[in-house]
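Residues in the sequence shown are numbered consecutively from 472, following the working numbering.
Glycine residues also receive a C-beta, built at the ideal position from the N, C-alpha and C atoms.
Take a look at the structure below.
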Amino acid sequence: MNYIIAVDIGTTSTKALAFDLYGRVLAEHRIGYPIIAPFPTHSEQDPEILFDAVVNSIVAVRKFMTKSHLKAVLLGISFSSAMHGLLAMDAQGKPLMNCIIWADTRSEQFATQLKGTSLGHDIYLKTGTPIHPMSPLCKLGWMRENKTDIFDNAYKFISIKEYVFFRLFGHYIVDVSIASATGLLETDKQQWYAPALSLVNISAERLSTLVPVTHIVRGLKTQDADFMNVPADIPFIVGGSDGCLANIGAQATHEGIASVTIGTSGAIRVTSDKPAKDEKERIFSYVIAPEMYVIGGAVNNGGNILQWFQEGFVAANGQSLENTIPLLTKEAASIAAGSDGLIFLPYLAGERAPHWDAKAKGVFFGIQMRHQQAHFIRAMMEGVVFGLYSVAKALEEASGPIQHIFVSGGFARSSDWVQMLADIFNKQVFVRKTVESSAMGAAIVGMKALNLIADFSLDSDEDMTVSSFLPQSSNQEVYINNFNLFERLYGKLKDEF
């Protein structure tokens, strides 16, 4: 039996999964790590901790596969990674700082000054990356103005996946999907965009060499190969960004099919053969391969909303946190659609698409005496889906109608939440077998890189769908009324935020 290891470097953990060539998961290992937040606007990660998590997760999967599948042959290791990270490296290959991750908002002032200008609009249209503090473009602008010593002494500005490959192989490469989420890449031409580089006063030489997602690197150092128990010439496939790969992993790569993920945050995406040009700057447009773009929007607030409620209220009442979130979603199911008029704006961590408003705040609206805990939980779940529906409306304007939806991420394990999505979107929703769609996407890219498949379609006669959900028309009117109020509330409150 042949298999590929897919490594997914995420916000709160790194996961390594062994996939056979039909997309079945054979083994999985996850290593968690903290987000470093010394100030309210700062979100960082220690690159050494993340590198160790990558290597040790591979070690754990290899150990399991060696013991359990004696004749299994590892063909390659492929990667997925979170986007929008920024790490400054010196000329000796040492980090000058922690990695600033997507959730960091310290560059808000730079982003605010750029957004709405003709230059900012041009950079958005050329790069497909909205002007927002998450963007490495804006992070670099902040660093140039506030951390001059680090900025001036930096030899390279890279992301965490670039750091992993540098540590293992000694040179700086970046795949086009990670690069296209920096605000520095002209996606049409797939080359660094000179006006964006000029804005933050860097040259292309201070960035990594651009490579396709199928790029293969070989030649591990002996000690690294021995530690991971892999051959020194095993192919390492650079892979792509978690957002782009989620669509490939869910096989949502055809016109009219959307992929929705809700993990810590959430996103909705479609693929297209050309970039989207949204004059209102509401959605992103990232390239993953020639004539293959992933278009959509990410929301800052997904499963983190229920985690916030769990830690702040359930734990405060002395209840055990074990398996609490499934119980919360089941409790919410006891309340009728619409939460008896209770509306929740889910902007606890600000918001990305479609508003790109780092100052947005969470709001409960319409609280009355009849509302109990279950109403609040359901309103939170509905608010997360309303946020995604706002993005979907912008997405359909820019790229055409959505016919049906494939879902993945932790929320796909909650049938109540998935049914809510089907009802609010009024679309049929399919749950895929592997909810870890970014890792699955990395495995598929690895198979293509190794010429095991012809394109990004998984060659399997197995049905990847576990279940499907049809919208319940009886809930449509109340959801649409609440959604319209949801959008009006943001419009009325945004200046107050």
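Ranked by Cα distance from Tyr626, the options Gln580, Ser679, Asp646 are led by Ser679. Taking C-beta atoms under 8 Å as the contact rule, Pro518 and Asn569 qualify, at a distance of about 7 Å. Under the criterion of beta carbons closer than 8 Å, Phe628 and Ile673 qualify as touching, at roughly 7 Å. DSSP, read as helix, strand or coil, puts Gln778 in helix. The C-beta separation of Met891 from Met852 comes to about 6 Å, placing the pair in contact by the 8 Å criterion.
Annotation note: the segment 614-694 contains the following uninterrupted alpha helix (DSSP H) runs of length 4 or greater, listed N- to C-terminal: 619-624, 631-640, 647-650, 665-670. Taking a 10 Å sphere around the C-beta of Asn775, we find 16 or more other C-beta atoms and assign the residue as buried. For Phe847 and Gly858, the gap between their C-alpha atoms comes out near 16 Å. Taken through DSSP and simplified to helix, strand or coil, Tyr504 comes out as coil. If one requires a minimum length of 4 residues, the alpha helix (DSSP H) runs lying completely within the segment 833-919 are 844-870, 886-896, in chain order. Boundaries for Tyr818: no beta strand (DSSP E) harbours it, and the DSSP string shows neither H nor E there. Of the candidates Ala675, His875, Ile708, Leu956, the residue whose Cα lies closest to the Cα of His686 is Ile708. Assignment of Thr482 by DSSP, reduced to helix, strand and coil, places it in the coil class.
Each residue's CA atom was taken as its position, placing Ser514 and Ser630 some 14 Å apart. Under the criterion of beta carbons closer than 8 Å, Gly714 and Tyr757 qualify as touching, at roughly 7 Å. For Ser648 against Ser743, the beta-carbon gap comes to about 14 Å, at or over 8 Å, which does not count as contact.
Rounded to whole angstroms, the Cβ separation of Ala729 and Ile951 is 19 Å, and the two are not in contact under 8 Å.
Per DSSP, the unbroken alpha helix (DSSP H) holding Ile594 starts and ends at 589-598. Under the Cβ criterion (8 Å, minimum of three pairs), the segment 489-499 does not count as touching the segment 937-944. Judged by DSSP in its simplified three-state form, Ile759 adopts strand. Uninterrupted alpha helix (DSSP H) stretches at least 4 residues long and entirely within the segment 514-576 occur at 518-539, given in chain order.
It is roughly 11 Å from the alpha-carbon of Val878 to the alpha-carbon of Ser886. Counting other Cβ atoms within 10 Å of its Cβ, Arg959 stays below 16 and is therefore classed as exposed.
CA-to-CA, the gap between Leu521 and Tyr634 works out to about 10 Å.
Close CB contacts of Val937 within its chain, under the 6 Å cut and outside five residues either way in sequence, are with Val902, Lys904 (chain order).
Assigned with DSSP and collapsed to three states, Leu929 falls in coil, not helix or strand. Judged by their CB atoms, Val770 and Ala738 are nearer to each other than the 8 Å cut-off.
Annotation for Lys830: Gly821, Phe968 place their beta carbon closer than 7 Å to its own, counting only its chain and skipping 5 residues before and after. For Gly734, the three-state secondary structure derived from DSSP is coil. Straight-line measurement puts the Cα of Pro505 at about 6 Å from the Cα of Thr483. Looking at the DSSP output, Glu499 sits in a beta bridge with Leu488. Between Val949 and Ser870, the CB-CB gap reaches or exceeds 8 Å. Distance from the CA atom of Gly783 to the CA atom of Leu819, rounded to whole angstroms, is 13 Å. The alpha carbon of Tyr961 has as its nearest neighbour, out of Ser861, Lys919, Ser909, the alpha carbon of Ser861. Rounded to the nearest whole angstrom, the C-alpha separation of Leu816 and Ile480 is 29 Å. According to the DSSP secondary-structure assignment, Ser939 is paired through a beta bridge with Phe901.
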